[in-house]
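Since the structure comes first, as structure tokens, the remarks are kept for the end.
Residue numbers (my numbering), protein chains in the order written: chain A, 12 to 427; chain B, 74 to 562.
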């Protein structure tokens, strides 16, 4: 067992972990160590060879590998230590981490931990699609890795289930590689991915988008031979008469992302069932003192730019965390009210300006956002539109008096 | 043309158990398996239960081989190194009317000499199984669980180490009885054997019909299963069965805690026309959840991480009562053809005893002399993830590929994947890796590790992308390269 002590340990070397690590170092942490299970840094970015990364944050449009490179350089210049090909097996409330790599088993005592494990893709069984069990069914991200990192073609005639961003990007990527993309099937009445991706990845290539549709059956005893799609009714139940079979050899699944928190759960970090990520406060600190969370393991962000900027805040707070400091005194729970899927942070325990991020439940037009303290509205804001694909960000001043007098704060939306 | 003394058709649990039994003797044996690995059909898709023998009618072959087989399992597990847990089983009565059925089952069990049977009341059940709802239950301590594919693979690999030849992706397409031997035609050439063991499972009638007019029918009966995420492993501690439907021999939808910590729901029971139709259906998925909830109301939503089905080989039609015994016999018309017919549940439990019976039948034709150099080679012991930190450190010091985790959900290392791919059967499908070391069987269902396994197949085993398969001969994973480039890694 190899033992050591480090100020800030970041679990995960994707965009969130790198941003948090760089920021922790810039904000005074003496030693910062990033642990990553891949042999490369940047997480999913190296396989995202399309551009559009960095527009909001850096003012230039970069590819995924280029964007990752910026942060890898910064980490390098700032003296962030990296251990790649290293899998964290567990951590505990005393902030002791056990990790494994080819050198052996490592026991690392951290002053603070930043969780940045990212997320994983939902599978066929999250959607419970019946039928045969042939080859040719991939999650969109896995197919993207095979094409872009391994030069391997998953298939030729492709149907994509789910209109998440990865699925949309893959529709275009597969077209470029000469595959027939027969359609993107989405159970909701609207696309789950960003509107710009619908235009740039589907519309521009005449790839059909079947809204209010789902895959009801998978056929093929060895390799996939066809899928059956059907229109769904208002309760998302398939309408049998609308079923039609599409011959294809490949089905990509872009059903959404699940924050990866197996380590957090094993350590008994409190998890928000709505986000799938840890319950965090305004500092991104979780229910375990000194353990912070950022990136897609906290909540699934729309863009890497947005994710990086919040991860930096988490990294800074981790660097400034002093163990043995005063307990955060009063804690107010933030509730997701009408038409809100979730809110991050879920807890506020210090007064000041707090950046809230949240998602609407379904698309609607011009609306008003309300924040209530125990039923009394103390903040409202007009929203031009609400789309669950677009995260909403609002800064709200939480006064000491409000913090003291409130039990809960509730965020809700009402349409005009 | 290659010559063998014994040809076994089918590498399921029965064929593999027979192969293992015969591998103890000086005799040339070949196994023809049409799938890409052993245990590629019903032998991998069942509940993995080591049955006690309470469910088969006293005096039947099913009862006899089941009880005999059950007694040998612990010794087999010790010898071959597969996992076995005696979790026991509770047959639950959901209301007072069903209570009589418990008495009936207990009586049948006693007649079959099943030990330790005990009827317990609701409060005792609650103590052992807080999530189970019932009025009383029959406790069966001698029921256990194995991983059915792991058991079959252990038998087959140990047989292969002892010189049984396994021919994978080899389908028997013709069988002729000559004067003193059989001529076996396959997609991989012709073979000559003295004895043929028909262990073709649900395909057993097709084999018989190649040499004679079969005197039986096969009624394929599909059973679907759902697999729950490991985080619900505490749902039940032992196997929970409803009262079986007596006339059909169907044990009902039960809840099985697996060796790996998952929970299985199933199987359904549905007669079908097509021997190869291993689909799962929405109707059955819903039915499985509904029936399981009647026993375990706390069963959570969205807990399913996988679904599959297997086909039972039934020898009786629904009209004629639904129950038929096994047939373990040499054909009356074709000397040397040993037929193993209708081996449905409890076939896995019965396999070791059936294999011994087959050995006796063969000994009437061929003199069997025990090998002096028979090797009992246990499969590698504990997984990396099950070992202490000290043991893990030592393994990494010896071979650093133990330090590279390739399956993040189940914490399986590169060393374990390499070991799985080096199996003595030469099975190289992605599922062969899964069934041997569990990489890809966790909650992400191979999202992360399939890339690593493909990399290892290329780097360490020189496999071409075009030859990589999921689980069966034509289940190709990819459509080749995206583009041809030099020095592509």
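Cβ atoms here follow ideal geometry from the backbone N, Cα and C, with glycine treated the same way.
For residue 163 of chain A, the C-beta contacts it makes with chain B under 7 Å involve 538, 551, 554 and 555, in order along the chain.
Remark: C-beta atoms of residue 213 of chain A and residue 179 of chain A approach each other more closely than 8 Å. Fewer than three pairs of CB atoms, one per stretch, sit closer than 8 Å, so the stretch 189-207 of chain B makes no contact with the stretch 502-522 of chain B. Look at residue 517 of chain B: its C-beta is under 8 Å from a C-beta on chain A. Contact fails between the stretch 272-284 of chain A and the stretch 180-194 of chain A, because fewer than three Cβ pairs, one in each stretch, are under 8 Å apart. Looking at A:44, A:348 and A:16, the one whose alpha-carbon comes closest to that of residue 86 of chain A is A:44. In this structure, residue 365 of chain A sits away from residue 262 of chain A, with a CB-CB distance that is not shorter than 8 Å.
The residues 310 and 353, in chain order, have a CB closer than 6 Å to that of residue 286 of chain A in the same chain once the five nearest residues on each side in sequence are set aside.
Close CB contacts of residue 256 of chain A within its chain, under the 6 Å cut and outside five residues either way in sequence, are with 237 and 239 (chain order).
For the set A:156, A:159 and A:358, the Cα lying nearest the Cα of residue 419 of chain A is the one of A:358.
In chain order, 221, 222, 225, 383 and 508 place their CB closer than 8 Å to the CB of residue 117 of chain B, counting only its own chain and leaving out the 5 sequence neighbours on each side. Going by beta carbons, residue 164 of chain A and residue 552 of chain B fall inside the 8 Å limit. By a beta-carbon distance limit of 8 Å, residue 422 of chain A contacts residue 382 of chain A. Their separation comes to about 5 Å. Listed in chain order, the non-local C-beta contacts of residue 91 of chain A below 7 Å within the same chain comprise 32, 33, 36, 43 and 45, local neighbours out to five positions each way being set aside. DSSP places residue 330 of chain B in the strand class (E or B) of the three-state scheme. Within chain B, the C-beta atoms nearer than 7 Å to that of residue 96 of chain A come from 477, in chain order. In this structure, DSSP gives residue 208 of chain A a helical state, which the three-state scheme calls helix.
For residue 124 of chain B, there is no enclosing beta strand (DSSP E), as DSSP marks it with neither H nor E. Under the DSSP assignment, residue 209 of chain B falls outside any alpha helix (DSSP H), being part of the beta strand (DSSP E) whose first and last residues are 209-213.
With respect to residue 89 of chain B, residue 248 of chain B sits apart: the two C-beta atoms are not nearer than 8 Å. One finds nothing in chain A with a Cβ atom closer than 8 Å to the Cβ of residue 273 of chain B; even the nearest lies about 18 Å away. Residue 82 of chain B and residue 259 of chain B have their alpha carbons spaced roughly 11 Å apart.
The beta carbons of residue 98 of chain B and residue 442 of chain B sit about 6 Å from each other, so the pair counts as a contact at 8 Å. Taking a beta-carbon distance threshold of 8 Å, residue 347 of chain B does not count as an interface residue toward chain A.
Residue 355 of chain B has a beta carbon lying within less than 8 Å of a beta carbon in chain A. Here DSSP, grouped into helix, strand and coil, assigns residue 366 of chain B to helix. The C-beta of residue 112 of chain A comes closer than 8 Å to at least one C-beta of chain B.
Beta-carbon to beta-carbon, residue 549 of chain B and residue 146 of chain A are separated by about 6 Å, close enough to satisfy the 8 Å threshold. At least one CB of chain A lies nearer than 8 Å to the CB of residue 380 of chain B.
Here residue 228 of chain A is bridged, per DSSP, to A:239. When the five nearest sequence neighbours on each side are left out, the beta carbons in the same chain lying within less than 7 Å of the beta carbon of residue 417 of chain A are those of 343, 384 and 385, in order along the chain.
When only Cα atoms are considered, residue 462 of chain B and residue 404 of chain A end up about 44 Å apart.
By the Cβ-count criterion, residue 105 of chain A is exposed, with fewer than 16 other Cβ atoms from all chains shown falling within 10 Å of its own Cβ. As DSSP reads the structure, residue 232 of chain B sits in no beta bridge.
Here residue 63 of chain A is actually not in contact with residue 79 of chain A; their C-beta atoms are around 14 Å apart, not less than 8 Å. CA-CA distance, residue 308 of chain B to residue 332 of chain B, rounds to 14 Å.
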